[in-house]
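This report concerns only the one structure given below.
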Amino acid sequence: MKKLFSIFFIALFAFVSAQDNESKETANRFFYELTFKPKKDSAKLEKVLTVLDIVKDRSVYRDYTVIGQDSIIKVQVEAMQKSGVFKDLSKTIRMPKFSEKIVKYYPDMKVQYVERIASGFSPMGIAYNETIKFDWKISNEKEKIGPYNAQKATADFGGRKWTAWFSTDLPFQDGPYKFSGLPGLIVKIEDEGKNYSWILQGNKKVQNWEELSYSEKISNMSLKVTEMPREKFEKTFSDFKKDPFATARPMMTQEIMSKTIPGMDGTIGDMMKKQEKMYKDFFNANDNPIELIIPSTDKKKK
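Residues -18 to -1, 1 to 284 (mature numbering (1 follows the signal peptide of the UniProt record, and there is no 0)) make up the sequence shown, in order.
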């Protein structure tokens, strides 16, 4: 039963990022609404809530969708564990739009970009590191963004031209995604073509903050990641997206695949096919990446 839980939690929670042994801290959590264009040949826009959690030595940026449902997931999982009856949580849990987690380490702002893949029946975090020097051009132009007094700045990054508004009312030289390096927190940022636009919606203190969410913990997540050069990272993640169960499939005998679990529709094989489709639908939903260009210097890093 535990192994089967691992299979399906890998599938269900592969879209929240990974990283053990963490101490509880107090975090400043900033909520950003991200409006984005998932298909480059379409005008359709989507929205998702993302969060930037800032603690003493780092910040963590990610999609908030699954994290925000932690309490619901906990209740349902504990009910499953008590009854011994599996329930397909994908029917009740909203899935995120983005799978990456971005950690910026203070004070040098080294960026660690983390994704989740499967290694057999276990989830595995892979990551690449980079240090980005944004060449911000700060303007004298000022504007009120929500309740904050903000100032305009522009920079090129990832093959796009970006306009940011930062506020010294919030004394953090940080922002959503990989953006940082201005004299205050970025409260709004968007590219010239409005493919991606983040705007700060609110913030709060999170007591006893932990980097791992409940869903990550029950799916045997760890804060440990396997670091690799970006070129290798891109290939590894690309291979995973093409065949998410490549490393688990050899372990699944025909006998196992034909079994059923109480509370589950169809066989284990049927469930794996469903989860595989969910993966591929997720990855195929966006062909308009934030970064159009991968820095060539990254390929030289070891």
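Every residue gets a Cβ at the ideal spot worked out from N, C-alpha and C, and that includes glycine.
Assigned secondary structure, residue i (DSSP; H/G/I helix, E/B strand, else coil)
{"i": "residue 285", "result": "The structure shown does not extend to residue 285, since the chain is modelled only from -18 through 284, so no value can be given for it."}
{"i": "Gln155", "result": "coil"}
{"i": "Lys187", "result": "strand"}
{"i": "Trp118", "result": "coil"}
{"i": "Lys283", "result": "With a pLDDT of only 39 at Lys283, under the threshold of 50, the placement of this residue in the model should not be trusted; the figure read from the coordinates follows. Coil."}
{"i": "Pro271", "result": "coil"}
Beta bridge counterpart(s) of residue i as assigned by DSSP
{"i": "Ile171", "result": "Ala146, Trp180"}
{"i": "Gly107", "result": "Arg98"}
{"i": "Glu125", "result": "Ala132"}
{"i": "Glu112", "result": "Val93"}
{"i": "Lys86", "result": "Ser41, Val93"}
{"i": "Phe139", "result": "Arg142"}
Spatially closest choice to residue i from the options, by CA coordinates
{"i": "Asp263", "options": "Pro20, Trp180, Leu71", "result": "Pro20"}
{"i": "Val169", "options": "Phe154, Gly140, Trp191", "result": "Phe154"}
{"i": "Pro211", "options": "Asn111, Ala61, Phe68", "result": "Asn111"}
{"i": "Arg44", "options": "Val59, Asp70, Tyr95", "result": "Tyr95"}
{"i": "Lys83", "options": "Lys64, Tyr46, Phe68", "result": "Tyr46"}
{"i": "Leu182", "options": "Lys6, Ala25, Val30", "result": "Val30"}
{"i": "Leu27", "options": "Ile276, Ile275, Ala267", "result": "Ala267"}
{"i": "Val59", "options": "Ser197, Thr249, Glu237, Val188", "result": "Ser197"}
{"i": "Asn10", "options": "Glu258, Trp191, Pro277, Lys255", "result": "Trp191"}
{"i": "Gly166", "options": "Tyr159, Ala135, Glu193, Arg142", "result": "Ala135"}
{"i": "Ile120", "options": "Thr235, Thr32, Trp147, Lys214", "result": "Trp147"}
{"i": "Phe161", "options": "Leu152, Val85, Lys64", "result": "Val85"}
{"i": "Asp221", "options": "Ile108, Glu123, Gly66, Glu15", "result": "Ile108"}
{"i": "Thr218", "options": "Lys92, Asp23, Lys38, Met106", "result": "Met106"}
{"i": "Leu274", "options": "Asp151, Asp138, Ala25, Met239", "result": "Asp138"}
{"i": "Thr32", "options": "Ser41, Lys22, Pro158, Leu152", "result": "Pro158"}
{"i": "Met91", "options": "Leu152, Ile36, Asn122", "result": "Ile36"}
{"i": "Val42", "options": "Glu193, Glu237, Asp269", "result": "Glu193"}
{"i": "Lys6", "options": "Ser65, Asp39, Lys255, Val207", "result": "Asp39"}
{"i": "Glu97", "options": "Ser149, Glu209, Val57", "result": "Glu209"}
Can you give, in chain order, each stretch of the beta strand (DSSP E) that sits fully within the segment 7 to 83 and has at least 3 residues? When DSSP assignments are scanned along the segment 7 to 83, the uninterrupted stretches of beta strand (DSSP E) that are 3 or more residues long and fall wholly within it turn out to be 7 to 18, 28 to 36, 40 to 45.
Assess, as a yes-or-no matter, whether the segment 74 to 84 is touched by the segment 44 to 56 under the definition of 3 or more beta carbon pairs within less than 8 Å. The way I'd put it, the segment 44 to 56 does touch the segment 74 to 84; three or more beta-carbon pairs between them come closer than 8 Å.
4-residue-minimum alpha helix (DSSP H) runs that sit fully inside the segment 187 to 269, ordered along the chain: If one requires a minimum length of 4 residues, the alpha helix (DSSP H) runs lying completely within the segment 187 to 269 are 196 to 200, 212 to 224, 236 to 239, 250 to 266, in chain order.
Take every Cβ of the segment 225 to 242, pair it with every Cβ of the segment 97 to 115, and state whether three or more of those distances are shorter than 8 Å. The segment 225 to 242 vs the segment 97 to 115: in contact.
Pair every Cβ in the segment 210 to 225 with every Cβ in the segment 119 to 136, then say whether three or more of these pairs are closer than 8 Å. By the Cβ test, the segment 210 to 225 is not in contact with the segment 119 to 136, since fewer than three Cβ pairs between them sit closer than 8 Å.
Does the count of Cβ pairs from the segment 171 to 181 and the segment 190 to 209 closer than 8 Å reach three? Contact between the segment 171 to 181 and the segment 190 to 209 is absent, because fewer than three Cβ pairs lie under 8 Å.
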